[in-house]
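A.B. asks: In mature numbering (1 follows the signal peptide of the UniProt record, and there is no 0), the protein residues as written are -27 to -1, 1 to 670.
Backbone N, C-alpha and C fix where the C-beta goes; we use that ideal spot for every residue, glycine too.
What follows is a structure written as structure tokens; I'll ask about it next.
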């Protein structure tokens, strides 16, 4: 009777021991020759900073071996290195990562190698181990893990899209091997994407941005050793907690960086949208913060793809041209626009088909264009229309005629006062143009009919009196009709916007429509009625705009921080060179503070600074003013500093870091209780800028 329980007990103990042994061994930082990794198993670095194992980035059953931050360090899954980025495996439980013939090898379910460290067996004839370090570097060592000799292989020599502190980015002159950062294809596919970052030793260690591994679209400029930054990336000198350095010797040329504060978690990333970003993890807000990024998003080559334009002030950046639609909507949903757009309706060849052109006000980098000998606008138009492969043309008196064969790339929206803008004529199908013609035709026919009836009536009644009166009346009627037509044409463009709530006139004063007035007077509530006279009742209105603090604008309450809010708006106006009134009923940001916030939280704080002084001003002072401005325009008075504190912060007398701020009042989204930490948690002083980690208040 006793044997059965004892047998069960012994069997259970054996299972527990096996379970514990497997998990203890895999919880270590090493894969030895007698071990392998598969399924949900992972290894962790000694200090618990990083983990290595199988991961699946998207919805497809594609698995990769990668390194990511442990959840104790970064709660958001963040992969920093991928081994088999080009060849995924479909079954992680049947695939294994193991040591084979002195190499670290990934075998698929058929036991065929899909990735390997690919070392020559003669160089590592002894036993080897793979060790994951707290730096995020996976190293292959000979002998025991305590071996301090140079590793046989390391992941830092083969980066994917991320450069970690201590990693190298450059060129080995002995092996002719380059460390290159190559973007993911998209957010769900780690396969090599279109954008890559290279080091150019022959150009002063400049960082070269390449599209499709061939087309250069941006350069950082040469490395300035005295300032320890790149000429085109002055932001690097703002952060004293980062040590960037350039190393050049007879063996290699490379760039690297380190962190003074070990508590800072940071990485450099080549994004799938073609930017390089320096990101830092903010534990208080549980999100990655963009410290700096280059180049500007709309300056990335072919960022929006073919037949699409980029608008720097738009949150979605890219938009297909009229008559076009996204080639892959799923990519656009992931904010990967490089696939571009295609025509909804195909065009036909020849001039007699009725095909024509649609106008597009854009900046064009003139990629894929060729000059055409044309002496006039009409001859340029005819030259394009008569060529079956012509997709667009531009004509101006200074540059002549340029036509495109194939894709039209790198179009940028421009403002009406931008002198660099040009009108691009995109070839369109007759049906697309006919829709616009039909609308115009209906308006013109109706207007002509009304004009004719008015003239006939004037003539009919006037002829009964005298010929002179008939002539004078007819001329007067024509003048009235012509004046009415031009008045109608001028107001037609503003009608829809005024009905929606308002727009700006030349004096930069808002024109309010009925819906805006109803909202501002609370549906003409009696409580907002000031009085009534010969012109009707007069109401007070409440508009969440301008320089008034939210507590006064909404409730009529005064506070000691009311003037602080107004000062913050003025401060942002000075730095940006823009008026707050110019943002009334803007598509995404109803106020200047909201517009600046959208740029700041996307890591584009530099774009808030007025373009005319951006290259010559002291960036640390300008960024400090923006930071103080955000502190002043907080929703709650308690979150705003006093004016005396504002003055001390601007004078640079503060020895502590500027406090973090929440989303400003009157921005796009409602202000809620959770704190959004400052997007650049920076210590500002009069001469230098350093960084400290913000803590939640």
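#1: Counting only beta-carbon separations shorter than 9 Å, does residue 165 have a partner in chain D?
#2: Count the other CB atoms within 10 Å of the CB of residue 566; is the residue buried (16 or more) or exposed (fewer)?
#3: Thinking C-alpha only, which one of 506, 44, 103, 510 is nearest residue 72?
#4: Buried or exposed for residue 615, going by 16 or more other Cβ atoms inside 10 Å?
#5: Can you give the Cα-Cα distance for residue 490 and residue 218, rounded to whole angstroms?
#6: Can you give me the C-alpha to C-alpha distance between residue 396 and residue 343, rounded to a whole angstrom?
#7: Evaluate residue 175 with the Cβ neighbour count: other Cβ atoms within 10 Å of its Cβ, from every protein chain shown; 16 or more gives buried, anything less gives exposed.
#8: In this structure, how does DSSP classify residue 374 when only helix, strand and coil are distinguished?
#9: Since residue 579 is in the beta strand (DSSP E), which residue starts that stretch and which ends it?
#10: What residue ranges within the region 307 to 370 form continuous alpha helix (DSSP H) runs of no fewer than 4 residues, ordered along the chain?
#11: Between which two residues does the beta strand (DSSP E) holding residue 240 run?
#12: For the structure I just gave you, are there three or more beta carbon pairs, one from the region 302 to 311 and one from the region 342 to 356, closer than 8 Å?
#13: Three or more C-beta pairs closer than 8 Å, one from the region 128 to 136 and one from the region 241 to 248: is that the case here?
#14: What number of angstroms, rounded off, separates the C-alpha of residue 35 from the C-alpha of residue 62?
#15: In angstroms with no decimal places, state the Cα-to-Cα distance between residue 47 and residue 372.
#16: Could you check the C-alpha separation between residue 299 and residue 319 for me, to the nearest Å?
#17: Can you tell me whether residue 398 is helix, strand or coil according to DSSP?
#18: Cutting at 8 Å between CB atoms, please list the residues of its own chain near residue -12, excluding the five before and the five after it.
#19: So residue 172 and residue 226 are supposed to be a Cβ contact under 8 Å. How far apart are they, rounded?
#20: Since I believe residue 294 is in contact with residue 690 (beta carbons under 8 Å), could you give me their beta-carbon distance rounded to a whole number of angstroms?
#21: Taking all protein chains shown into account, decide if residue 534 is buried (16 or more other Cβ within 10 angstroms of its Cβ) or exposed.
#22: Going by C-alpha to C-alpha distance, which of 280, 358, 355 sits closest to residue 381?
#23: Using the Cα positions of residue 58 and residue 163, report the straight-line distance between them to the nearest angstrom.
#24: Straight-line CA distance for residue 653 to residue 262?
#25: Is it the case that the region 226 to 239 contacts the region 138 to 157, given that we only count it when at least three CB pairs across the two stretches are under 8 Å?
#26: My output table needs one value for residue 163: the three-state DSSP class, helix, strand or coil.
#27: For my contact list, residue 701 and residue 398 are in at a C-beta cut-off of 8 Å; report their separation, rounded to the angstrom.
#28: Quick check: the Cα distance between residue 511 and residue 353, rounded to an integer number of angstroms?
#29: Who pairs with residue 293 in a beta bridge, going by DSSP?
C.D. replies: If we stick to the structure as given:
#1: Although the question refers to chain D, the structure presented lacks it and comprises just one protein chain.
#2: Buried is the label assigned to residue 566, since at least 16 other Cβ atoms lie within 10 Å of its Cβ.
#3: Nearest Cα to residue 72 within the set 506, 44, 103, 510: 103.
#4: By the neighbour-count criterion, in which 16 or more other beta carbons inside 10 Å mark a residue as buried, residue 615 falls on the exposed side.
#5: Between residue 490 and residue 218, the C-alpha separation is close to 59 Å.
#6: Looking at the two C-alpha atoms, the distance is approximately 16 Å.
#7: Residue 175 should be labelled exposed.
#8: Per DSSP, reduced to three states, the secondary structure at residue 374 is strand.
#9: Taken as a continuous stretch (DSSP letters only), residue 579 belongs to no beta strand (DSSP E), as it is neither H nor E.
#10: You should have 350 to 358.
#11: Here the beta strand (DSSP E) through residue 240 covers 239 to 243.
#12: Touching, no, given that fewer than three Cβ pairs across the two stretches are closer than 8 Å.
#13: Yes, since at least three Cβ pairs between the region 128 to 136 and the region 241 to 248 fall closer than 8 Å, the two stretches touch.
#14: Answer to the nearest angstrom: the Cα atoms are 6 Å apart.
#15: One alpha carbon belongs to residue 47, the other to residue 372, and they sit about 53 Å apart.
#16: One C-alpha to the other measures close to 15 Å.
#17: The answer is strand: DSSP assigns residue 398 an E or B state.
#18: In this predicted model, residue -12 has a pLDDT of only 47, less than 50, meaning its place in the structure is not dependable enough to derive any value.
#19: The pair is a contact, with the Cβ atoms about 7 Å apart (cut-off 8 Å).
#20: No answer is possible for residue 690: it lies beyond the span of the chain, which begins at -27 and ends at 670.
#21: Buried is the label assigned to residue 534, since at least 16 other Cβ atoms lie within 10 Å of its Cβ.
#22: For the options 280, 358, 355, the alpha carbon positioned closest to that of residue 381 is the one of 280.
#23: Distance between the alpha carbons of residue 58 and residue 163 is about 5 Å.
#24: The predicted position of residue 653 is uncertain, since its pLDDT is 39 and thus under 50; a value taken from the coordinates is nonetheless stated next. Going by the C-alpha atoms only, they are around 8 Å apart.
#25: Segments in contact, yes.
#26: In the structure shown, residue 163 sits in a strand (DSSP, three-state: E or B).
#27: The displayed coordinates of the chain run from -27 to 670. Any statement about residue 701 would go beyond what the structure contains.
#28: Rounded to whole angstroms, the separation of the alpha carbons of residue 353 and residue 511 is 58 Å.
#29: In DSSP, residue 293 forms a bridge with 281.
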